[in-house]
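Structure first, then comments.
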Amino acid sequence: MAKKKQIPTLIDCDPGIDDALAIALALASPELDLRAITTVNGNVPARWAYRNGCRVVSFLGMHLRSPRPLPAVYPGAGRPLGGGRVDRKISVSIHGEDGLGDLFRKRKPPAPGLPNKNRLPDESRVASQGIESSQVIVSLSRSLGSALSIIAIGPLTNLALAVRRDRMALAGVGRIVVMGGAAQMPGNASSTAEFNVHCDPEAAELVMNCGAPITMIGLDVTRRAVLPSRSLRGGGEFRGALRDLVRPYIGFSKRRRGVDGVTLHDPLAVAAAMEPGLVGCLRRKVSVECGNGPARGMTVVDLRPGAGAPVSHTRRVEVAMEVDEKRFLRLFLSRLRAYRGWS
Ligand code: BDR
Ligand code: CA
1 MAKKKQIPTL
11 IDCDPGIDDA
21 LAIALALASP
31 ELDLRAITTV
41 NGNVPARWAY
51 RNGCRVVSFL
61 GMHLRSPRPL
71 PAVYPGAGRP
81 LGGGRVDRKI
91 SVSIHGEDGL
101 GDLFRKRKPP
111 APGLPNKNRL
121 PDESRVASQG
131 IESSQVIVSL
141 SRSLGSALSI
151 IAIGPLTNLA
161 LAVRRDRMAL
171 AGVGRIVVMG
181 GAAQMPGNAS
191 STAEFNVHCD
201 PEAAELVMNC
211 GAPITMIGLD
221 VTRRAVLPSR
231 SLRGGGEFRG
241 ALRDLVRPYI
251 GFSKRRRGVD
261 GVTLHDPLAV
271 AAAMEPGLVG
281 CLRRKVSVEC
291 GNGPARGMTV
301 VDLRPGAGAP
311 VSHTRRVEVA
321 MEVDEKRFLR
331 LFLSRLRAYR
341 GWS
């Protein structure tokens, strides 16, 4: 049988527990050819996002049953486009102090003979210091054009800087799948704003209206994508590591929402990039509130009747409003079998 063509993909992220799970899904999925991981200030400061990205990719790489080329990880923007600071109180209570539930804190540098579970992954294999994330986004967008998918699962600062560098490059990619915003749901960082957009509303406004084909995977659908804690019980060393990883997230969900599970915001964006049929979308204009009032960071999705009609001078975003969450969870769990120590 002919091999299905892989989609060259770049993930822009701020790891983050669910970012790590999203990268795990992408690396375990034969549909995607993961070319680069760019990192940004968000759940953790930019420097940590870069370090966490390197650790996550090398940790996953060392557990993959069938090794594959690992994407290089790049450092990115340290400050929101509109200035100011990211309020990280909420992130610390969800993702833990280091962003990854302290998963790597007790591990030691690589040494022969040390069992995997005690080893710190060898980050030097994937670390790529010399070139900055927005530059990588532009250069992959230029070289791959409509073949490239970008999955953005952190604040949109790197993508906005890429738009500033070369708007046409971004407008020419195949698809940008953004985890961020909400059409009808309240926010999770403020009563009106979702976290990724809340961190950098000016960047989100620029990206949402840059002319690129965008799919918005917001809280309307991600809130329904919950991985129950019981799915992580038992298994081998890798599943045990995922249990450690998600511990603070589950604690937060139980306290805040009475839910015993992890909300898979970022993995749903990866799944939607591979299988667009998982989500049902409305094509709508999306504006981001950039004022300093209580609605700062709110995504305003025009849901009035007739608002989806084609109007050439306004931009349109595919806004996900429905999700087949059972199919998504099946896909997510089945892909984790690609890792040694999952079962
Ligand atoms: C988003 O916020 C972050 O904390 C998560 O990683 C996800 O990207 C959900 O609102
Ligand atoms: Ca994220």
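The sequence shown begins at 1 in the numbering used here and counts up one residue at a time. Positions of the beta carbon are idealized from the N, C-alpha and C atoms, including for glycine. Since we're looking at a predicted model, the values are computed, not measured.
Let's see if you can read the secondary structure: which residues bound the beta strand (DSSP E) around residue i?
i    : result
C13  : 7–13
S287 : 286–288
L227 : 226–228
Y74  : 72–74
M216 : 214–217
M321 : 317–323
T157 : From DSSP, T157 is part of no beta strand (DSSP E) but of the alpha helix (DSSP H) over 157–165.
Out of the options, which one is the CA nearest neighbour of residue i?
i    : options                : result
R233 : L242, S287, K89        : L242
P248 : T263, G235, G236, F238 : T263
R119 : T192, N209, R105, V92  : R105
P345 : S146, K4, L100         : The requested residue 345 is not part of the displayed model; the chain covers only 1 to 343.
C210 : L100, R175, D302       : R175
R337 : V279, L60, D302        : L60
S29  : T38, G42, M185, P67    : P67
P69  : F328, E31, R35, D324   : R35
R257 : S134, R88, L159, I94   : I94
V40  : V126, A49, N292        : A49
G359 : R296, E31, R327        : Outside the displayed span of the chain (1 to 343) sits residue 359, for which this structure offers no information.
R284 : M185, R85, L268, P305  : P305
G235 : V73, Y339, V136        : Y339
G280 : I137, D220, A162, A203 : D220
How should residue i be labelled, buried or exposed, when 16 other C-beta atoms within 10 angstroms of its C-beta is the threshold for buried?
i    : result
R316 : buried
I250 : buried
D19  : buried
M216 : buried
H313 : Since pLDDT at H313 reaches only 44, below the 50 mark, its modelled position is unreliable, and the value read off the structure follows with that caveat. By the neighbour-count rule (16 or more Cβ atoms within 10 Å), H313 is not buried but exposed.
R346 : The shown model of the chain, from 1 to 343, leaves out residue 346, and the question about it has no answer.
M179 : buried
E123 : buried
M208 : buried
M274 : buried
G83  : exposed
G130 : exposed
M168 : exposed
N292 : exposed
P267 : buried
I believe residue i touches residue j by the beta-carbon criterion, under 8 Å. Please report the beta-carbon distance rounded to the nearest angstrom.
i    : j    : result
A183 : G218 : 6 Å
F332 : A271 : 7 Å
Which stretch, first to last residue, makes up the alpha helix (DSSP H) that contains residue i?
i    : result
S149 : Note, S149: premise wrong, no alpha helix (DSSP H); beta strand (DSSP E) at 149–152.
A272 : 265–274
D19  : 17–27
R256 : 237–257
R175 : Unbroken run through R175 is the beta strand (DSSP E), 175–179; no alpha helix (DSSP H).
Hey, would you say the C-beta of residue i is under 6 Å away from at least one heavy atom of ligand 4?
i   : result
N52 : Absence of ligand 4 is noted for the structure shown, with ligand 1 and ligand 2 being the only ligands found.
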